[in-house]
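What follows is a single structure, written as structure tokens, with notes after it.
What follows is the structure in structure tokens.
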């Protein structure tokens with residue numbers, strides 16, 4: 260080995276050691292930090308206080324990623340897959356969702372990564388971008404949609420609900436979604452409460468509004484929706500259906516068992532009973 264080459268290698272050693280001890284903050288990590296700061300999805304937390312703490316120190320994040328990759332390799336993944344699946348930051352995003360993978364410390368002191376889904380624009384204006392509606396007729400009947408849900412590949416009975424458009428008032432959004440999905444026009448709406456449908460993975464806070472039905476109009480569903488129609492049922496019928504897990508309803512002139520396990524409906528019933536609306 261030439262003296263020049265040896266000197267070159269010796270010169271690079273401190274740089275390599277520095278790079279290892281001070282990981283480079285690349286654009287991917289910068290985007291993640293910017294996301295946490297600008298969209299403000301809660302505090303980073305403190306594992307010593309029983310919380311799952313999100314770590315943003317680059318050196319510690321790198322350690323956690325390497326540790327998680329080792330777990331995946333031990334579980335049978337290839338090194339390439341393991342390191343890809345352990346990489347933290349924004350995994351993917353579109354106009355509806357942001358998939359985030361955080362480096363965390365658990366209350367036990369163990370380290371790892373934790374995935375979550377955040378609704379895109381969740382922090383804008385009202386703090387959410389979805390609203391659910393609890394519609395009731397003058398004779399105290401509750402209106403539910405017969406909806407085909409792609410995620411579970413099945414029909415369900417559920418409250419009307421939908422997206423709040425940018426800069427749209429949440430009350431107006433509730434009235435609009437109700438009319439679009441059921442054709443029903445509300446004479447008044449009243450705030451009931453908020454629901455977190457699945458806090459284990461999804462950062463998703465949804466307000467529910469009670470709607471007093473005034474009259475019928477025309478249904479104008481969005482092209483992405485698969486709503487067969489609506490059913491009207493008494494409180495007793497709905498409670499019986501919830502207990503069984505389904506209701507028998509007419510779908511294209513055929514009797515069909517449809518799931519009745521909507522978390523928004525269950526929450527709305529509690530809220531409405533507390534406010535003496537039922």
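Residue numbers (our numbering): 260 to 537. We treat Cβ as the ideally placed atom computed from N, Cα and C, and that holds for glycine.
Just curious, the beta strand (DSSP E) that residue i is in, first and last residue?
i: residue 447; result: 443-454
i: residue 475; result: 465-475
i: residue 420; result: 420-422
i: residue 351; result: 348-352
Given residue i, which residues of its chain have a CB within under 7 Å of its CB, disregarding the five upstream and five downstream residues?
i: residue 479; result: 439
i: residue 455; result: 463, 464
i: residue 326; result: 370
i: residue 526; result: 452, 454, 467
i: residue 436; result: 390, 392, 419, 420, 421
i: residue 292; result: 315
i: residue 536; result: 469
Tell me the DSSP bridge mates of residue i?
i: residue 413; result: 408
i: residue 339; result: Residue 339 pairs with nothing; no bridge assigned.
i: residue 403; result: 490
i: residue 364; result: 312, 370
i: residue 435; result: Per DSSP, none; premise fails for residue 435.
i: residue 357; result: 352, 377
Does any heavy atom of the ligand NAP sit closer than 7 Å to the C-beta of residue i?
i: residue 296; result: Ligands are entirely absent from the displayed structure, and the ligand NAP is therefore not among its contents.
By Cβ distance below 6 Å, which residues in the same chain neighbour residue i in space, the five residues on each side in sequence not counted?
i: residue 339; result: none
i: residue 547; result: This structure does not reach residue 547, given that the chain is present from 260 up to 537, and the question cannot be answered.
i: residue 518; result: 415, 505
i: residue 385; result: Per-residue confidence for residue 385 stands at a pLDDT of 38, beneath the threshold of 50, marking its modelled position as unreliable; no derived number is given.
i: residue 355; result: 379
i: residue 374; result: 360
i: residue 457; result: none
Identify, in the order they occur along the chain, each residue of the same chain with its Cβ nearer than 8 Å to the Cβ of residue i, setting aside the five sequence neighbours on each side.
i: residue 290; result: 348, 349
i: residue 493; result: 399, 400, 401
i: residue 534; result: 449, 451, 469
i: residue 368; result: 306
i: residue 324; result: 342, 345, 346, 347, 362, 372
Since residue i and residue j should fall inside the 8 Å C-beta cutoff, what is the C-beta to C-beta distance between them, to a whole number of angstroms?
i: residue 405; j: residue 490; result: 6 Å
i: residue 331; j: residue 345; result: 6 Å
i: residue 363; j: residue 314; result: 6 Å
i: residue 472; j: residue 394; result: 6 Å
i: residue 423; j: residue 388; result: 5 Å
i: residue 450; j: residue 531; result: That pair is no contact at about 11 Å.
i: residue 342; j: residue 351; result: Going by Cβ atoms, the distance from residue 342 to residue 351 rounds to 17 Å, so no, they are not a contact pair.
i: residue 317; j: residue 294; result: So it is not a contact: roughly 16 Å between Cβ atoms.
i: residue 485; j: residue 407; result: 4 Å
i: residue 205; j: residue 487; result: With the chain running from 260 to 537 in the structure shown, residue 205 is simply not present.
If you follow the alpha helix (DSSP H) that residue i is part of, which residue opens it and which one closes it?
i: residue 532; result: 522-533
i: residue 389; result: Element bounds for residue 389: not the alpha helix (DSSP H) but the beta strand (DSSP E), 389-395.
i: residue 323; result: 317-333
Three-state secondary structure (DSSP) at residue i?
i: residue 371; result: strand
i: residue 286; result: helix
i: residue 314; result: strand
i: residue 513; result: strand
i: residue 291; result: helix
i: residue 457; result: coil
i: residue 429; result: helix
i: residue 379; result: coil
i: residue 462; result: strand
i: residue 505; result: strand
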